[in-house]
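Protein chains in written order, with this note's numbering: chain H, 1185 to 1388; chain A, 1185 to 1388; chain X, 1185 to 1388.
For every residue, glycine included, the Cβ atom is placed at its ideal position computed from N, Cα and C.
Let me begin by presenting the structure, written as structure tokens, before commenting on it.
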Amino acid sequence: MASSSATLLGKRKSTALAPHVAPRKPRILLAACGCVAAKKFAILCNCFLKWADVKVVLTKASQRFVDIAGIPQFVAMYTDGYEWLSWKRLGDPVLHIELANWAEIMVIAPLSADTLSKIVRGSSGNLLTSIVRAWDYSKPMFVATAMNTLMWRHPLTERHCISIDDLGINLIPPPAGELDDPDFISNTVRLSYDKRMQKQQGVV
Amino acid sequence: MASSSATLLGKRKSTALAPHVAPRKPRILLAACGCVAAKKFAILCNCFLKWADVKVVLTKASQRFVDIAGIPQFVAMYTDGYEWLSWKRLGDPVLHIELANWAEIMVIAPLSADTLSKIVRGSSGNLLTSIVRAWDYSKPMFVATAMNTLMWRHPLTERHCISIDDLGINLIPPPAGELDDPDFISNTVRLSYDKRMQKQQGVV
Amino acid sequence: MASSSATLLGKRKSTALAPHVAPRKPRILLAACGCVAAKKFAILCNCFLKWADVKVVLTKASQRFVDIAGIPQFVAMYTDGYEWLSWKRLGDPVLHIELANWAEIMVIAPLSADTLSKIVRGSSGNLLTSIVRAWDYSKPMFVATAMNTLMWRHPLTERHCISIDDLGINLIPPPAGELDDPDFISNTVRLSYDKRMQKQQGVV
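Structure (structure tokens):
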């Protein structure tokens, strides 16, 4: 028995999780900004739900565009109004810190030109930017920009994209005006997550 | 007849428009920010109306100062509330893009210290800054700063003025705390427009 | 008599104020931003009141945290709503300029990550940042940052601290996530003020 158990542990060591144990889903914080591409956010959310544990953060401006009814009811959704709802005194948990700690990965899609500039300058005036400002960059963050072609061509866009790259934020390619296909965004993040997991487990 | 017509065309070539054809007025987007100098905005607007087709954009903060009643009723006026009023679905026209495309020239007078900093950092959180963020800088943009002397002397003011110059935005001289005389602003923009037109028509 | 008077004047020259004349208290503008450490603001205010003439500026976000009842009623308190309350026409006094002129020293404690970024970029969208934007840096300004450890470790924090140091703003040490002890903050500012006064009076 002892020997077979050791063998089992040995096997476990290399695969990290025994095949019969359903692996825990990655915890992903999925956020939307206020731009027309946020119309696709509910679809994007459902793509991620196929393989991840998702919580949603919506800026005030995004709520005009996001199809809330298209997001399953079991998904926790947070807006600015929730930020200090239950906070009473020093030491109480603070929502943007709780969410930054909960998430293994953060994905902002679509990322508007306005929120892009806020991230670059370290603004933390709403729930989404507070989470980004409190993010631990040893954990991956992905953004998919979406803006009108005119805005995209503005000279500041390139500078801002360089700045967020400097911060360690991943720009989901191709960075362009239009929001990428929701499936493509979800798959890009998943591929990166799987590689990361394999690396941590010593498989690769 | 043929010969006289050719002569006429020849003459037209050099003046671009025959004298009896009223030339189309240039389309100017005139915007005001929230600072005390915006009290002069209605007068400025009337100066521009003498020679240009004008649409007006007002920030929320400017509305405390601008004398709305002093602006002729036929002038279209846009505020943040209009931005998404008629927008329903992906593909519908977006107001800040429509206005950026409509205008041949953009003039921000007065430009407050706050909006100056927003332009420099590429913010697009309201209608005015969204238009600026989507502006095609092959078309001229003019700004006339106006701020208290104390604000004007702040070290960031000069840096911000350099940054907007880098973007290709024209600072109407003399850049100083006080808003220039409305007639002077209008004439500065008109002179620049006339030169540009003459250049395009090969006169100069 | 003449000789003794001269001696008295001579003595006065070195101490600037005769011992029996109560020296005027320094005028300090004390401001709070919206972060949990603002819970200590009323205590901080009372520390300063022991030796200074204090006026208070509160951002909208700070009002959720500040214990207003803990601030003596004789202390003038200003929020964004006051900014243009009595302003009617060009030439009327403007509150943020009045306050910037009134104060000999400005102290922002706690300074949140968000307002830190606003100061760095020269924003003047609310009463507090308008005063900072109009500040005459020949007069001292002190800030005591306060933010969650996660936010504190973000790479932009250091850059922003360097930028405000460049502006001539004093960061009350140790610059860290937690707000310093109110007594320590008050004493740091007082020590600096006393040194400055002694220097101006030629004692040191």
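- With a threshold of 8 Å between beta carbons, S1308/H makes contact with chain X.
- Secondary structure note for A1215/A: its beta strand (DSSP E) is the uninterrupted segment R1211 to A1216.
- Looking at the DSSP output, D1264/X bridges to nothing.
- For A1330/A, there is no enclosing alpha helix (DSSP H), as DSSP gives it neither H nor E.
- The C-alpha of H1338/H is placed about 39 Å away from the C-alpha of K1383/H.
- Interface annotation, W1268/H: in contact with chain X, CB-CB separation under 8 Å.
- For V1304/X, DSSP records no beta bridge to any residue.
- Looking only at P1256/H, K1244/H and V1220/H, the smallest Cα-Cα distance to A1226/H is reached by P1256/H.
- Distance from the CA of S1246/A to the CA of E1288/X, rounded to the nearest whole angstrom, comes to 30 Å.
- With at least 16 other beta carbons inside 10 angstroms of its own, I1292/H counts as buried.
- The distance from the Cβ of T1243/X to that of L1295/X is about 10 Å, inconsistent with a contact at the 8 Å cut-off.
- Residues of chain H whose Cβ lies closer than 7 Å to the Cβ of L1351/A are, in chain order, P1339.
- Excluding residues up to 5 positions away in sequence, I1212, L1214, V1238 and S1370 lie with their Cβ nearer than 7 Å to the Cβ of F1232/A in the same chain.
- Taking the CA atoms as reference points, A1216/A sits about 39 Å from L1228/H.
- From the beta-carbon of R1211/A, no residue of chain X is found nearer than 8 Å; the closest lies around 30 Å away.
- For the region 1232-1280 of chain A, the full-length beta strand (DSSP E) segments reaching 3 residues or more read 1237-1242 and 1260-1262 along the chain.
- Of P1366/X, S1308/X and R1343/X, the smallest CA-CA separation from W1336/A is found for S1308/X.
- Across the structure, C1345/X and R1248/X are spaced so that their CA atoms are roughly 26 Å apart.
- At least one CB of chain H lies nearer than 8 Å to the CB of I1281/A.
- Using beta-carbon distances, V1250/X does not count as an interface residue toward chain H, since no partner is under 8 Å.
- For I1369/X, the three-state secondary structure derived from DSSP is helix.
- Only those residues of the region 1301-1328 of chain A whose C-beta falls short of 7 Å from the nearest C-beta of chain X are listed: S1301 and R1305.
- By the rule that beta-carbons nearer than 8 Å mark a contact, A1284/A touches chain H.
- Secondary structure note for I1346/H: its alpha helix (DSSP H) is the uninterrupted segment P1339 to D1350.
- In the three-state scheme derived from DSSP, where H, G and I count as helix and E and B as strand, N1230/H is classed as helix.
- Counting every other CB atom within 10 Å of its CB across the protein chains shown gives R1208/H a total below 16, marking it as exposed.
- Excluding five sequence positions before and after D1251/A, the CB atoms of its chain that fall closer than 6 Å to its own CB belong to A1226, given in chain order.
- Ranking G1352/H, V1241/H, I1281/H and P1324/H by CA distance to the CA of K1379/H puts P1324/H first.
- Using a CB distance cut-off of 8 Å, V1241/H does not count as an interface residue toward chain X.
- Short of 6 Å from the beta carbon of A1297/X, and not among the five residues preceding or following it, lie these beta carbons of its own chain, in chain order: M1331 and M1335.
- Under the DSSP assignment, L1295/H falls in the beta strand (DSSP E) whose first and last residues are I1289 to L1295.
- For A1236/A, the closest of P1210/A, K1224/A, L1269/A and A1221/A by C-alpha to C-alpha distance is P1210/A.
- Judged by DSSP in its simplified three-state form, L1363/A adopts coil rather than helix or strand.
- Distance from I1348/H to V1327/H at the Cβ level is roughly 7 Å; contact confirmed, criterion being Cβ atoms closer than 8 Å.
- Pairing E1362/H with A1284/X, the inter-Cα distance amounts to about 46 Å.
- Listed by position along chain H, the residues whose Cβ is nearer than 7 Å to that of L1274/A are V1220 and K1223.
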